[in-house]
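If you read the sequences in order, they're chains F and Y. The first sequence begins at 15 in this note's numbering and counts up by one. The second sequence begins at 26 in this note's numbering and counts up by one. The structure under discussion appears below in the form of structure tokens.
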Amino acid sequence: MSGLTPGFADPVPDAQAWFRALLEAMARPGRIQRVAALPQAPAPLAPAAAAVLLTLADAETPVWMDAGPGAEEWLRFHAGCPLVAEPGAAGFLLAAGAMPELAALDAGTEEEPHRSATLILQVAGLETGRGWRLTGPGIGTEHRLSVEGLPGGFLAAWAANGRRFPRGIDLVLCAGDRLAALPRTTRIEGAG
Amino acid sequence: MTALGYNFGYLDENTKRMIRRALLKAVAVPGHQVPFGAREMPLPYGWGTGGIAVTASVIGAGDRLKVIDQGADDTTNAVSIRRFFAKVAGVETTERTGEATIIQTRHRIPETRLREGQILVYQVPMPEPLFRLEPRVSETKRMHALADYGLMHVKLYEDIARHGHVAMSYNYPVLVGGRYLMSPSPIPAFDNPKMDRMPALQLFGAGREKRIYAVPPYTAVKSLDFEDHPFRPARADAPCALCGSRESYLDEVVVDDKGGRMFVCSDTDYCATRQTQREAAE
């Protein structure tokens, strides 16, 4: 317990600011958001990924993560969320290492597609203005997004995720203190 | 300053988190109704509790809030809700559409085109567009899952067969993103085209029915119709008696007991701005 670092400095406004960033990210896929208020998360948690979990996770949301015991203790203390061992049982997943297979996660049902998992994926870099061409709801004509550090085969897995709409996984990409989101409706073309 | 004894935005943080999770999923599946736990509010269901819960979960200290009721900023409901948030969130409020970051609305979309960075929050009495045709929630859920909206098309067809046109002047059903049938809340059909590819984010909260749904920016919102009976929004055939607008949605106001009446803009901010401009030009 002695090594535990703080979460949000001011939980109410900080969580609100991060939620608005997330809402904006989800509503405008591929646009990068950042918030000045960062939690002091233990490595290997990226500050943005940690902030997303503090904003959304609580006792009602089973979380899966692969960031090690230090990060697990930190999150359990600050968010009070149950941690699960099985990726398919989680409402939120945080992947700091290898990306879990999208097909193995909870995609919701046809009647209740909102009961699907949100995958928070830590990546090496995010940049707008080049890379993928994104289209879909939330995008006027197209957004460009370049993501560094995604596994090979990601585009095929993402396309498969989109084909089962309205079921599907929503993705939050975090690099350091920046984040961008890809809801299940976003179509990706071109190379990242 | 926030009033003492209240959390920022009135709702507790657990409730806000639950609503925030619902909002994110609602944005991810445009037009799909996401259930949420509606909390007791200091006003009864039917007065905009769903919209208030959404606004309370979204709003921050830096936001500027506008609230309209049937287009008007100065009606009881609008004034009370604006005052409520000024008290429990300490936010600035405005009557200007262009200056607001969050606009909570009951039954209208402002005439001024909304832009990116704005959020439009609708108060919704009945989120289920099919409820008059199929009262069982278990059935409507399945119809949404299967995108089986034949029943609504039959209703439109019967309207045309009986009346020669679709007899719905408000709450006219729309198809969102080519997939989900959605109730636009009881806005006039006149406002439906404004929802299509709107640059602002649209959030819908139904407190009594405990549903949240959303339309992301630039998303196709199509009013249901037939090729030979295209959707035609109705507007009173008159200019506004105060500002002269021929484009805005009009309210009919009875002015005496001898059948006298006038038509005025329902959007008070739009009308007042036009009147000021006209005076300045003279």
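All C-beta atoms, glycine included, are put in the ideal place defined by N, C-alpha and C.
- Note on geometry: alpha-carbon atoms of Thr244(Y) and Thr301(Y) lie some 34 angstroms from one another.
- C-alpha of His57(Y) to C-alpha of Arg64(Y): approximately 21 angstroms in a straight line.
- Classified as exposed, Tyr182(Y) has fewer than 16 neighbouring CB atoms from the shown chains inside 10 Å of its CB.
- Cβ contact annotation for Asn217(Y) (same chain, cutoff 8 angstroms, sequence separation greater than five): Tyr197, Val199, Pro209, Val246, Ser248, Phe256, Pro258, in chain order.
- Listed as beta-bridge partners of Trp146(F) by DSSP are Leu159(F).
- Only residues of its own chain outside the window of five on either side were considered, and among them Pro43, Thr199, Thr200, Arg201 have a CB closer than 7 angstroms to the CB of Gly150(F), listed in chain order.
- Between Gln30(F) and chain Y, the shortest Cβ-Cβ separation is below 7 angstroms.
- Using a CB distance below 9 angstroms, the part of the stretch 40-65 of chain Y facing chain F consists of Lys41, Arg42, Met43, Arg45, Arg46, Ala47, Leu48, Leu49, Lys50, Ala51, Val52, Ala53, Val54, Pro55, His57, Gln58, Val59, Pro60, ordered along the chain.
- Close to chain F, meaning a Cβ-Cβ distance shorter than 8 angstroms, is no residue of the stretch 206-217 of chain Y at all.
- Under DSSP, Trp78(F) forms a beta bridge with Leu107(F).
- Going by DSSP, Arg34(F) is part of the alpha helix (DSSP H) stretching over 25-41.
- Note on Asn175(F): 16 or more other CB atoms within 10 angstroms of its CB, so buried under the neighbour-count rule.
- Relative to the Cα of Leu185(F), the nearest Cα in the group Thr69(F), Ser160(F), Leu196(F), Phe179(F) belongs to Leu196(F).
- Residues are counted here when their Cβ sits less than 7 angstroms from a Cβ of chain Y; for the stretch 98-127 of chain F these are Glu124, Glu125, Pro127, given in chain order.
- At a cut-off of 7 angstroms between beta carbons, Pro242(Y) contacts chain F.
- Asp184(F) is bridged by DSSP to Thr132(F).
- Cβ neighbours of Ala64(F) within its own chain (closer than 7 angstroms, five residues either side excluded): Pro53, Ala55.
- Assignment of beta-bridge partners to Arg192(F) by DSSP yields Arg48(F), Ala189(F).
- Two segments are said to touch when three or more pairs of C-beta atoms, one from each, lie closer than 8 angstroms; by this definition the stretch 222-233 of chain Y touches the stretch 141-150 of chain Y.
- Secondary structure at Glu124(Y): helix, using DSSP grouped into helix, strand and coil.
- At the C-beta level, Ala78(Y) and Gly230(Y) come within 7 angstroms of one another.
- At a C-beta separation below 7 angstroms, Val162(Y) has no neighbours in chain F, since its nearest C-beta there lies roughly 11 angstroms away.
- In the structure shown, Tyr197(Y) adopts coil according to DSSP, grouped into three states.
- Short of 6 angstroms from the beta carbon of Tyr31(Y), and not among the five residues preceding or following it, lie these beta carbons of its own chain, in chain order: Val113.
- Under DSSP, the beta-bridge partners assigned to Ser248(Y) are Val199(Y).
- Remark: fewer than three beta-carbon pairs, one from each stretch, lie closer than 8 angstroms, so the stretch 148-166 of chain F and the stretch 94-109 of chain F are not flagged as touching.
- In terms of Cα proximity to Glu162(F), the closest of Ala173(F), Gly143(F), Ala189(F) is Ala189(F).
- Short of 6 angstroms from the beta carbon of Leu133(F), and not among the five residues preceding or following it, lie these beta carbons of its own chain, in chain order: Leu107, Ile183, Leu185.
- Within 10 angstroms of the beta-carbon of Ala50(F) lie fewer than 16 other beta-carbons, which makes it exposed.
- According to the DSSP secondary-structure assignment, Val278(Y) is paired through a beta bridge with Met287(Y).
- Lys247(Y) has a beta carbon lying at 7 angstroms or more from every beta carbon in chain F.
- Interface annotation, Asp72(F): in contact with chain Y, CB-CB separation under 7 angstroms.
- Taking 7 angstroms as the CB threshold, Arg48(F) stays off the interface with chain Y.
- For Ile134(F), not one C-beta of chain Y is nearer than 7 angstroms to its own C-beta.
- Within the stretch 39-113 of chain Y, the runs of alpha helix (DSSP H) that reach at least 4 residues and sit entirely inside it are, in chain order, 74-83, 101-113.
- Residue environment analysis places Gly232(Y) among the buried positions, since at least 16 neighbouring C-beta atoms fall within 10 angstroms of its C-beta.
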